[in-house]
Amino acid sequence: MNTPAHLIFAAAAFARPYQRRTTLAALGGALAPDLSLYVMTAVSIYVLGISPHVVFNQLYFSDAWQAVFAVDNSFIVWGAGFALAWWMGARTAMIFAASGLLHLAFDFPLHHDDGRPHFWPLSDWVFQSPISYWDTAHHAGIVGPVETGLSLLFCLILMRRFESLRSRLLIACLALVQLAPALFWVLVFVDPA
1 MNTPAHLIFA AAAFARPYQR RTTLAALGGA LAPDLSLYVM TAVSIYVLGI
51 SPHVVFNQLY FSDAWQAVFA VDNSFIVWGA GFALAWWMGA RTAMIFAASG
101 LLHLAFDFPL HHDDGRPHFW PLSDWVFQSP ISYWDTAHHA GIVGPVETGL
151 SLLFCLILMR RFESLRSRLL IACLALVQLA PALFWVLVFV DPA
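Quick note on UniProt numbering: the sequence shown kicks off at 1 and runs consecutively.
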């Protein structure tokens, strides 16, 4: 799924009004599995001057990048984090880990040829789903609208749950960003050369 959808889904599942730490943990856990991708992409494109085409068609699949993704997208790592937080009675950390696990649970079945080794360090196996959230050759024409529809529904639920203007503006921003991935994918995958 697109990262904004992960944030929206996690907020719908775990965020609560007047519980700022809980809400931030939910959003942070939803973002964390994708954070390395954003950091490595930004450094590659904006600092090193590498074209987005090279970043997403070569570097993304490199052993070095996949090694990073193995750690931050591992059910084993996130599950251990959740178990440790539960054992310590750290509710906020449990929500962070549960949000990360929710992210992985949605990513696992929605990556066709760009999945990650979700069972590292026990295995380097990568599930190749017949369904993709972005690849139209693998049903993205169905998955994308369903993802966006659910995201907008969850945003409406969140708007009812959170009454403060600041919260509602953040929710509206997430909804707008979720609606704008087509432009992003054009910028990323169209090689200007």
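Think of the CB as a built atom: it goes at the ideal place given N, C-alpha and C, for glycine as much as any other residue.
query	result
Measuring CA to CA, which of 173, 127, 178 is closest to residue 145?	178
For residue 2, does the count of other Cβ atoms within 10 angstroms reach 16, so buried, or fall short, so exposed?	buried
Within the region 83-161, note down every full alpha helix (DSSP H) run reaching 4 residues or more, in order along the chain.	91-107, 140-161
Please go through the same chain and pick out, in chain order, the residues whose beta-carbon is closer than 6 Å to the beta-carbon of residue 69, but skip the five residues on each side of it.	116
Please state if the CB of residue 162 and the CB of residue 102 are separated by a distance shorter than 8 Å.	no
Mind checking residue 4: buried by the 16 CB within 10 Å criterion, or exposed?	buried
If you measure between the beta carbons of residue 201 and residue 95, is that distance less than 8 Å?	Only positions 1 to 193 of the chain appear in the structure, and residue 201 is not among them; the question remains open.
Looking at the secondary structure, which residues open and close the alpha helix (DSSP H) in which residue 21 lies?	20-42
In chain order, what residues of the same chain have a beta carbon less than 7 Å from the beta carbon of residue 113, not counting five sequence neighbours either side?	128
Quick one: what does DSSP say residue 7 is sitting in, helix, strand or coil?	helix
Tell me, to the nearest whole angstrom, how far the beta carbon of residue 99 is from that of residue 26; I am working on the premise that it is less than 8 Å.	5 Å
Alpha carbon to alpha carbon, how far is residue 136 from residue 109?	15 Å
Is it right to say residue 165 is buried, meaning 16 or more other beta carbons lie within 10 angstroms of its own, or is it exposed?	exposed
So what does DSSP say about residue 17, is it helix, strand or coil?	coil
Buried or exposed: residue 134, going by 16 or more other Cβ atoms within 10 Å of its Cβ?	buried
Is the region 29-41 touching the region 64-81 in the sense that three or more CB pairs, one from each, lie closer than 8 Å?	yes
Could you give the distance in angstroms between the alpha-carbon of residue 140 and the alpha-carbon of residue 55?	22 Å
Among the candidates 121, 46, 41, 18, whose CA atom is the shortest distance from the CA of residue 57?	41
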